[in-house]
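In my numbering, the protein residues as written are 18 to 498. Glycine residues also receive a C-beta, built at the ideal position from the N, C-alpha and C atoms.
As structure tokens, then:
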């Protein structure tokens, strides 16, 4: 990784040196912290390029780089020393002269090598060294021809972290199934957060490890290094092997104080039984029918219904209604009901499924029915009540109206006809509908006129009608006393 580099114009010399460098110092600055400090937890190696040039009139057989902190060694290994050198394209040398990795530069030529810095494990504070480049010609060192480049970098722990929760409840989960919830990790310091994926782990509350762990977690790549102010999600999975309560601890470790997230959850064995089938049989087109299906808790763990949906080829002809509150936390042998409606609109057979889902998994109730065209509504009316009346009295009769067809009679109208000289006009009676095969009863009040003569007969006519229905008629005679 390339660190920020401070470039300075090289100092001039009274005599033209055989080797010159493109910089007079290298100051490493971290790209992950506004202060430029490197985190001692950081394992990356940072580099900065230096170009050297042979400005003399003879070839330089080798340029030997050494560090003031280790003058007897060529610093091509970055550890354990914080600073080192990588040959770059300066790797050529004369065989038999100098050491491997020393640089050979012909007259007027240049090459580029890299200065390296590794902050991992360093103490906080400023770290410095001096890189010395010493030129060799034939038969030996070039008198007075060496370049010294000061090196520096600052190390500081400026990272910090927080999580969205330190107590994560995974809830009640069916044994041998998995549920996953996130924990959000946020970089709250001023430098980049570094998460150690190998040190982060899940343990039991006492720090030991489970032989059959119920929890696991996954770290996406973006969680390994998080810039200041940014976040990422760590996925925690819970797979209970049986019907117990499980407690564990997720430990997150890196260049911040260890974070402890307490994990809890329990395994369950929710079991349910349902009405296997709802068969409506043969019904009539254009009518709506209701049947009831049930779900019963048959295990030791409470069950709850999350959804009830119709699926299958005849979905539009079936519907379901239920009280969701009544279908929560059902204990052993407790039940809740589902009202299934069947409303066929064509001839033929119908099939669909009622699918119930919850912590018990899913259960399917098969729905079926067929439909045909019913015989039209056929209305009939019968009149009950007194057969005599007196002038000026009001006679109450009962009309029992039957629908003897196979379909609903809608907008039924009962009309009463009276002789004007003997009785007042009777308003029609309107009935919204009469179900197939069902009767309804209505009262009819007849006001006999005072002028009606004794001994005469009050002959009444009754007509019951409806749209698309066969009309029914009846009569009744009252003797005026």
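Nearest neighbour of residue i, chosen from the options [CA to CA]
i	options	result
residue 129	105, 433, 119	105
residue 220	211, 232, 214, 496	232
residue 66	43, 270, 52, 55	43
residue 162	447, 403, 308, 37	37
residue 487	420, 494, 473	420
residue 288	471, 410, 352, 69	352
residue 184	178, 249, 228, 280	280
residue 120	126, 127, 107, 131	107
residue 464	412, 431, 70, 401	412
residue 509	430, 35, 321, 435	The requested residue 509 does not occur in the structure, where the chain is confined to residues 18 to 498.
residue 265	236, 241, 226	226
residue 1	482, 314, 333	Not covered by the structure: residue 1. The range shown for the chain is 18 to 498.
residue 35	469, 135, 445, 74	74
residue 361	334, 81, 217, 237	334
residue 268	251, 54, 188, 69	251
Residues bridged to residue i (per DSSP)
i	result
residue 195	In DSSP, residue 195 forms no bridge with anything.
residue 528	It is not possible to answer for residue 528, since the shown part of the chain is limited to 18 through 498.
residue 402	DSSP, once it has assigned bridges, lists no residue as partnering residue 402.
residue 144	170
residue 374	324, 379
residue 278	267
residue 478	434, 492
residue 188	For residue 188, which the question treats as bridged, DSSP gives no partner whatsoever.
residue 447	430
residue 273	271
Spatial distance of residue i from residue j (CA atoms)
i	j	result
residue 123	residue 77	6 Å
residue 114	residue 102	Below a pLDDT of 50, predicted positions are generally treated as unreliable, and residue 114, at 49, falls in that range; no measurement from the model is reported.
residue 95	residue 176	In this prediction, residue 95 has a pLDDT of 47, which is less than 50 and means its spatial position is unreliable; nothing more can be read from the coordinates.
residue 399	residue 340	43 Å
residue 343	residue 414	47 Å
residue 50	residue 208	4 Å
residue 63	residue 99	10 Å
residue 190	residue 323	14 Å
residue 182	residue 278	7 Å
residue 272	residue 195	31 Å
residue 198	residue 239	18 Å
residue 499	residue 45	No information on residue 499 is available, as it lies outside the stretch 18 to 498 that the chain covers here.
residue 332	residue 309	17 Å
Where residue i falls, given that 16 or more other Cβ within 10 Å makes a residue buried
i	result
residue 112	Annotation note: pLDDT 49 at residue 112 (below 50); position unreliable, no value reported.
residue 326	exposed
residue 133	buried
residue 293	exposed
residue 58	buried
residue 493	buried
residue 152	buried
residue 471	exposed
residue 228	exposed
residue 392	exposed
residue 314	buried
residue 307	exposed
Does the structure place the segment 412–431 close enough to the segment 448–465 that three or more beta carbon pairs sit under 8 Å?
yes
Could you tell me whether the segment 168–182 touches the segment 141–155, using the rule of 3 or more Cβ pairs below 8 Å?
yes
Should the segment 383–396 be called in touch with the segment 300–309, which here means at least 3 C-beta pairs below 8 Å?
Touching, yes.
Evaluate contact between the segment 196–211 and the segment 221–229, counting only Cβ atoms and requiring at least three cross-stretch pairs below 8 Å.
The segment 196–211 is not in contact with the segment 221–229.
With a threshold of 8 Å, are at least 3 pairs of Cβ atoms found where one atom belongs to the segment 401–415 and the other to the segment 365–379?
no
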